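Just below is one structure, and these are the notes that go with it.
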Amino acid sequence: MTALRNASSKIRRELPKNWSRHIAQSRPMATAACRQAAPATTGTATVNQENSTLQQTQTEIEPIKPTPVSLDELFGDMPPLAYPDSFKVECLSNPEAMNKRIAELVCQGDTFYGFDMEWQPQFKRGGKENKTALIQICSRDTILLLQVLRLEYLPNQLVRFLKTKTLLKSGVNIKGDGRKLARDFKVECNAFVDLDRICAVLYPQKRPRSLRALTGYFLERNMSKSKKIQCSNWSRLNLTPAQVKYAANDAYASYAIMSIFHKQLLAVGKSITDFVQHHAHEQHKAQENIAIEQQKVTQQAAITSSSRFPSSTTTIIRKTTTSNTFSFSRSNNSSSSNSIPKTSPRRREIGLHQSKTHNK
Numbered sequence: 001m002t003a004l005r006n007a008s009s010k011i012r013r014e015l016p017k018n019w020s021r022h023i024a025q026s027r028p029m030a031t032a033a034c035r036q037a038a039p040a041t042t043g044t045a046t047v048n049q050e051n052s053t054l055q056q057t058q059t060e061i062e063p064i065k066p067t068p069v070s071l072d073e074l075f076g077d078m079p080p081l082a083y084p085d086s087f088k089v090e091c092l093s094n095p096e097a098m099n100k101r102i103a104e105l106v107c108q109g110d111t112f113y114g115f116d117m118e119w120q121p122q123f124k125r126g127g128k129e130n131k132t133a134l135i136q137i138c139s140r141d142t143i144l145l146l147q148v149l150r151l152e153y154l155p156n157q158l159v160r161f162l163k164t165k166t167l168l169k170s171g172v173n174i175k176g177d178g179r180k181l182a183r184d185f186k187v188e189c190n191a192f193v194d195l196d197r198i199c200a201v202l203y204p205q206k207r208p209r210s211l212r213a214l215t216g217y218f219l220e221r222n223m224s225k226s227k228k229i230q231c232s233n234w235s236r237l238n239l240t241p242a243q244v245k246y247a248a249n250d251a252y253a254s255y256a257i258m259s260i261f262h263k264q265l266l267a268v269g270k271s272i273t274d275f276v277q278h279h280a281h282e283q284h285k286a287q288e289n290i291a292i293e294q295q296k297v298t299q300q301a302a303i304t305s306s307s308r309f310p311s312s313t314t315t316i317i318r319k320t321t322t323s324n325t326f327s328f329s330r331s332n333n334s335s336s337s338n339s340i341p342k343t344s345p346r347r348r349e350i351g352l353h354q355s356k357t358h359n360k
């Protein structure tokens, strides 16, 4: 203890005489510095302050949502779509004339055509779908408008054209058109190619769904889809110029887009026919694999359920309504073992009496 006191007194003697004044002056400065540095050293207070600031910023800034862009905004400034003046448009209603022109069209040697259909819309809810009124076919220089509403059967050359698998008919939702033709005229439709499917394979970054969108992307033209003309009376014998223009442009757009896809494939040494057939085969194979997998899942579920639960047993109990039936069944069972007569006691007495009388 004495040594500790001597050491402390020695330290005091070594300090300067005004050391207490220096300490007193430095104490307020240190306190102020600590107060200024306090927010940086207190972690909890700083985190709470940052969280409140972040929450306030998030409430002030609204989330940015992508605004849908209409086709009018995308393609409204483009020139309107119009088939070239060199194309010949023919509106036919006579079956013989249809056969002649379709045969001439096929003889040109084209492998693909633009295809579309029109019919009178059904505005009555639950009403029957109207029959196909117009079929449009576009080739390299001709557009045929075939009025088939009043025909019971399609012309032979048209049926052959629809059935041939090497003649590609292109359009949007064209397989639905093929099913409608099968319902209306009981014809077989093959080689109907959806343009949006080909676009999804050749141009994965572009996924336009409608014919108007495809026309804007690949033809750089604005395809006007007027509801007034689209829902007009397509069953009339003499179509208006607006109807003829509308129907011809639809078929021409499908043909022109298919031509672009054809050139794109030729540049890499492929044929449009082989390309379509290959992808149709792949799609059919994929559908078969899906069906097989679904069948396996169903069978596995049936095996699992049968292994967990016992098979049910059905017991049928028949109720007898009269005592005679029960007596008859008992008599039948007993007769097989014992030779007991089936007559009642009263009848046995009568029979015994008759036998005695007969003996007398």
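Just so we're aligned, residue 1 is where the sequence shown starts under the UniProt record's numbering, counting upward by one.
Ideal Cβ placement from N, Cα and C applies to all residues, glycine included.
Bear in mind that the values here come from a model prediction, so they are computed numbers and not experimental data.
Item to check | C-beta atoms of V244 and V89 nearer than 8 Å | outcome: Contact check for V244 against V89 passes: the beta carbons are separated by less than 8 Å.
Next on the checklist: Going by beta-carbon coordinates alone, are L146 and L134 separated by less than 8 Å?
Outcome noted: The answer is yes: Cβ separation under 8 Å.
Item to check | L74 to F218 span [Cα, whole Å] | outcome: Cα to Cα, L74 sits roughly 13 Å from F218.
Checklist entry - Taking buried to mean at least 16 other C-beta atoms within 10 Å of its own C-beta, is D177 buried or exposed? => result buried
Item to check | Extent of the continuous alpha helix (DSSP H) run through Y113 | outcome: Looking at the DSSP string, Y113 is not in any alpha helix (DSSP H); the run it does join, the beta strand (DSSP E), is 112 to 119.
Checklist entry - Whose CA, out of P121, S139, A82, lies closest to the CA of F161? => result S139
Next on the checklist: Per the DSSP calculation, I290 is bridged to which residue(s)?
Outcome noted: BP columns for I290 are empty, so no partner.
Checklist entry - How far does the alpha helix (DSSP H) with L74 in it reach, from first residue to last? => result Looking at the DSSP string, the run of the alpha helix (DSSP H) that includes L74 is 71 to 75.
Next on the checklist: In the DSSP assignment, the alpha helix (DSSP H) including S254 goes from what residue to what residue?
Outcome noted: 241 to 267
Checklist entry - Whose C-beta lies closer than 6 Å to the C-beta of M117 among residues of the same chain, with five residues either side of it excluded? => result T132, I135, D177
Checklist entry - Looking at the structure shown, is L154 part of a helix, part of a strand, or coil, going by DSSP? => result coil
Checklist entry - Whole beta strand (DSSP E) runs in the segment 173 to 236 with 3 or more residues, listed along the chain? => result The segment 173 to 236 contains these whole beta strand (DSSP E) runs: 192 to 194.
Item to check | Option nearest D196 by Cα separation, candidates R209, L144, W119, H262 | outcome: Per the Cα distances, R209.
Checklist entry - Do V212 and L71 have their C-beta atoms within less than 8 Å of each other? => result Residue identity check: residue 212 is Arg in the sequence provided, not Val. Yes, they are a contact pair.
Item to check | Local conformation of T164 per DSSP, three classes | outcome: coil
Item to check | V148 (DSSP reduced to helix, strand or coil) | outcome: Three-state DSSP puts V148 in coil, outside helix and strand.
Checklist entry - Cβ of A251 within 8 Å of Cβ of F115? => result Taking the C-beta atoms as reference points, F115 is found nearer than 8 Å to A251.
Next on the checklist: If you reduce the DSSP assignment to three classes, tell me which class L105 lands in.
Outcome noted: helix
Checklist entry - Where does Q131 sit, in a helix, a strand or coil, going by DSSP? => result For the record, residue 131 in the displayed sequence is Lys; it is not Gln. DSSP places K131 in coil when its eight states are reduced to three.
Checklist entry - Rounded to whole angstroms, how far is the Cβ of L154 from the Cβ of V187, which I believe are closer than 8 Å? => result 6 Å
Checklist entry - Applying the criterion that 16 or more other CB atoms from any shown protein chain within 10 Å of the CB defines a buried residue, is V297 buried or exposed? => result exposed
Checklist entry - Can you give the Cα-Cα distance for N233 and R179, rounded to whole angstroms? => result 22 Å
Checklist entry - Are P80 and N289 touching if we call contact CB-CB under 8 Å? => result no
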